Amino acid sequence: MGEAPAFFADNLMGDSPKKVDSKSKGIETAIVVGSKIYVIDGVDHELGSTVGVRIFDKSTGEWRIPIVLGTKPKPSKDFSAVLLNDDRVLVVRGNSGSSECFWFLEVGTPFVREHEKTLGNEVVAWSKGVLGNVEKPIVISGPSGVGKGTLISKLMKEFPSMFGFSVSHTTRAPRAKEQNGIHYHFTDRNVMESEIKDGKFLEFASVHGNLYGTSVEAVEVVADAGKRCILDIDVQGARSVRASALEAIFIFIAPPSFDELEKRLRARATETEEQIQKRLQNARAELEQGKSSGLFDHILVNDDLETCYEKLKNILCLREAVKSAPKTKSFNLSIKHPVSMIDQKLLINCTAAEDENTSTNMYVLDFLLKGGAPGRTRGLNMYAINPLTDDVNGNNQLHLTSSFD
Ligand SMILES: Nc1ncnc2c1ncn2[C@@H]1O[C@H](COP(=O)(O)OP(=O)(O)OP(=O)(O)O)[C@@H](O)[C@H]1O
Ligand SMILES: Nc1nc2c(ncn2[C@@H]2O[C@H](COP(=O)(O)O)[C@@H](O)[C@H]2O)c(=O)[nH]1
1 MGEAPAFFAD NLMGDSPKKV DSKSKGIETA IVVGSKIYVI DGVDHELGST VGVRIFDKST
61 GEWRIPIVLG TKPKPSKDFS AVLLNDDRVL VVRGNSGSSE CFWFLEVGTP FVREHEKTLG
121 NEVVAWSKGV LGNVEKPIVI SGPSGVGKGT LISKLMKEFP SMFGFSVSHT TRAPRAKEQN
181 GIHYHFTDRN VMESEIKDGK FLEFASVHGN LYGTSVEAVE VVADAGKRCI LDIDVQGARS
241 VRASALEAIF IFIAPPSFDE LEKRLRARAT ETEEQIQKRL QNARAELEQG KSSGLFDHIL
301 VNDDLETCYE KLKNILCLRE AVKSAPKTKS FNLSIKHPVS MIDQKLLINC TAAEDENTST
361 NMYVLDFLLK GGAPGRTRGL NMYAINPLTD DVNGNNQLHL TSSFD
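Once you know that position 245 of the sequence shown is 245 in UniProt numbering, the rest is easy, because the numbers rise by one and skip nothing.
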């Protein structure tokens with residue numbers, strides 16, 4: 001049994017985070033969640049330049065080191081933590097810009113519980129809070145050769161700042177023009193199987209004799225860039241994502257006929273005859289499942305490419321004029337960043353980037369909205385308010401008052 005660290009002695013029951021100075025670990029931030037205390041090491045010298053998490057169990061008096069999933073924040077001496085509910089903690093990284101300051105540490109979400117079961121160890125998961133109202137990711141499925149990749153390429157070409165592609169892992173060999181890290185992360189089966197065991201994948205499936213999978217990181221990288229993520233995955237993968245906590249839009253692409261599908265697959269000339277036969281055989285089952293399972297929100301027939309592409313854009317509510325993601329004004333979070341919680345909304349004082357000395361902005365994080373990326377905690381609505389004139393919802397109170405007058 002371990003010994004409770006001295007800094008807990010004065011506030012073991014409270015929920016408020018405390019910044020503590022520890023000789024061995026540098027600056028640490030602690031937060032109480034139920035019977036556990038989560039300690040975040042801002043600068044961990046033993047592990048190099050990384051952020052560590054330790055758990056002190058008050059009921060047993062033991063320290064535990066959890067398995068840490070997701071993308072961690074960069075080390076900082078200025079972390080502060082706010083308990084959002086029993087399963088997640090908002091970690092604010094002080095002295096950083098708007099794209100680096102909000103992080104979530106999941107300690108008991110369904111995602112974490114699920115991984116605890118498979119990994120047989122305590123798990124915590126990091127994800128980054130992304131400014132702006134991040135739209136739901138798009139899952140595109142359909143039989144091999146139907147034109148998923150072609151449609152996605154068109155979308156990415158027309159709206160480069162709006163969409164980002166989730167680069168899957170696969171054990172199949174690269175095709176002539178495919179580049180590692182761009183089209184796929186090409187990997188070995190034993191490496192991928194071990195990473196699946198480590199909980200690195202949001203979903204995975206055996207497709208046409210090879211392993212394919214979407215890593216949590218692949219989707220997070222896109223969300224971190226403030227873009228809407230597109231996943232090109234098979235029907236089994238779509239089913240797994242549907243069962244996960246990731247909220248997405250599911251679109252199934254069907255061919256006009258089976259003969260046309262075969263023609264396209266052959267014309268692409270990327271597979272051997274044996275592989276084509278395997279893909280066509282699997283296509284029958286995929287078409288049946290895709291069209292009948294109720295898994296998909298939309299089914300599009302890719303007959304004429306341009307017509308299908310226009311329909312896809314309609315589903316995604318894209319118009320010619322909207323070519324870039326809406327931008328939120330950037331800001332810098334100072335070391336002192338007072339926070340307060342009102343009605344599931346967190347108010348944070350920040351300094352506006354353009355005028356650091358004088359202008360203070362109030363930002364609101366709205367925890368009621370859902371959506372976003374695998375991070376289960378992403379896609380949170382963050383917006384600026386003027387504390388002198390606006391209420392917590394951003395409504396101008398002066399304007400309201402004068403209209404009543
Ligand atoms: N509407 C269409 N009409 C005719 N040919 C098409 C159409 N859409 C795509 N194609 C062609 O069909 C072939 C297969 O398309 P693509 O590679 O995009 O399919 P896919 O669904 O991504 O396949 P996979 O699942 O194997 O990656 C390509 O050669 C592409 O140019
Ligand atoms: N379940 C998943 N399926 C995936 C993923 N990445 C791609 N795919 C699907 O595999 C087939 C074959 O792709 P190909 O590039 O070898 O032609 C296709 O249907 C893709 O949608 C993934 O990460 N998970």
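Even glycine gets a Cβ: it sits at the ideal position worked out from N, Cα and C. Here the structure is a predicted model, which is why all the values come from computation and not from measurement.
(request) Express the C-alpha separation of Glu100 and Phe159 in angstroms, rounding to a whole number. (result) 25 Å
(message) Are there any heavy atoms of ligand 1 lying less than 7 Å away from the beta-carbon of Thr29, as far as the coordinates show?
(response) no
(request) Please look up how many angstroms separate the CB atoms of Gly290 and Gly142, rounded, as I've assumed it's under 8 Å. (result) 7 Å
(request) Could you say which of Thr171, Ile65, Gly164, His115 lies nearest to Asp188 if we only look at CA atoms? (result) Thr171
(message) Using only the alpha-carbon positions, how far apart do Met362 and Ala81 sit?
(response) 18 Å
(request) Could you tell me how far apart the beta carbons of Glu220 and Gly70 are, in whole angstroms, since I believe they sit closer than 8 Å? (result) 7 Å
(request) Label Lys177 either buried or exposed according to how many other C-beta atoms from any shown protein chain fall within 10 Å of its C-beta, with 16 as the threshold for buried. (result) exposed
(request) Answer yes or no: the CB of Asp303 versus the heavy atoms of ligand 1, is any distance below 7 Å? (result) yes
(request) Can you grab the Cα-Cα spacing for the pair Pro110 / Glu116, in whole Å? (result) 10 Å
(request) Please indicate yes or no: does the CB of His208 lie closer than 7 Å to some heavy atom of ligand 2? (result) yes
(request) With DSSP collapsed to three states, give me the class of Met345. (result) Checking the sequence shown, residue 345 turns out to be Lys, not Met. Correct three-state label for Lys345: strand.
(request) With a 10 Å radius around its C-beta and 16 neighbouring C-beta atoms as the bar for buried, classify Cys317 as buried or exposed. (result) exposed
(message) Would Asp78 and Gly94 qualify as a contact pair, given that the criterion is a beta-carbon distance under 8 Å?
(response) yes
(message) Please report the distance separating the alpha-carbon of residue 492 from that of Val91.
(response) Residue 492 is absent from the structure shown; the chain starts at 1 and stops at 405.
(request) Taking only heavy atoms of ligand 1 into account, decide whether any of them is closer than 7 Å to the Cβ of Gly237. (result) no
(request) Could you tell me which of Asn393, Lys154, Ile230 sits nearest to Gln344, measuring between CA atoms? (result) Asn393
(message) Quick check on Met162: does DSSP put it in helix, strand or coil?
(response) coil
(message) When you measure from the CB of Gly213 to every non-hydrogen atom of ligand 2, does any distance come out below 7 Å?
(response) yes
(message) At a threshold of 7 Å, does Thr150 count as lining ligand 1 (C-beta to nearest heavy atom)?
(response) yes
(request) Could you spell out the range, first to last residue, of the alpha helix (DSSP H) harbouring Leu300? (result) Per DSSP, Leu300 belongs to no alpha helix (DSSP H); it is in the beta strand (DSSP E), 298 to 301.
(request) Would you mind listing the beta strand (DSSP E) stretches within the region 85 to 139 that are 3+ residues and don't spill past its ends, in chain order? (result) 88 to 93, 102 to 106, 123 to 128
(request) Report all residues from its chain with a CB closer than 6 Å to the CB of Ile140; omit the five preceding and five following residues, and keep chain order. (result) Lys148, Asp232, Ile251
(request) Give the DSSP bridge partners of Arg64, in chain order. (result) Ile55
(request) State buried or exposed for Phe204, treating a residue as buried only when at least 16 other CB atoms are found within 10 Å of its CB. (result) buried
(request) For Cys308, verify whether its CB is less than 7 Å away from any heavy atom of ligand 1. (result) yes
(request) List the endpoints of the continuous alpha helix (DSSP H) containing Leu246. (result) Looking at the DSSP string, Leu246 is not in any alpha helix (DSSP H), and its letter there is neither H nor E.
(message) Here's the rule I'm using: 16 or more other beta-carbon atoms within 10 Å means buried, otherwise exposed. How should Ser161 be labelled?
(response) exposed
(message) For a quick check, are the C-beta atoms of Val207 and Asp234 less than 8 Å apart?
(response) yes
(request) Ignore the nearest five residues each way along the sequence and tell me which others in Thr118's own chain have a CB closer than 8 Å to its CB. (result) Lys197, Gly199
(message) For Glu306, count the other beta carbons within 10 Å of its own beta carbon; 16 or more makes it buried, fewer makes it exposed. Which is it?
(response) exposed
(request) Buried or exposed for Asn180, please, with buried defined as at least 16 other CB atoms from any protein chain shown within 10 angstroms of its CB. (result) exposed
(request) Run the proximity test for Ile233: is its beta-carbon closer than 7 Å to any non-hydrogen atom belonging to ligand 2? (result) yes
(request) Please classify Ser293: does DSSP put it in a helix, a strand, or coil? (result) coil
(request) In the DSSP assignment, find the alpha helix (DSSP H) that holds Ile182 and state where it starts and stops. (result) Looking at the DSSP string, Ile182 is not in any alpha helix (DSSP H), and its letter there is neither H nor E.
(request) Mark Leu365 as exposed unless 16 or more other C-beta atoms lie within 10 angstroms of its C-beta, in which case mark it buried. (result) buried
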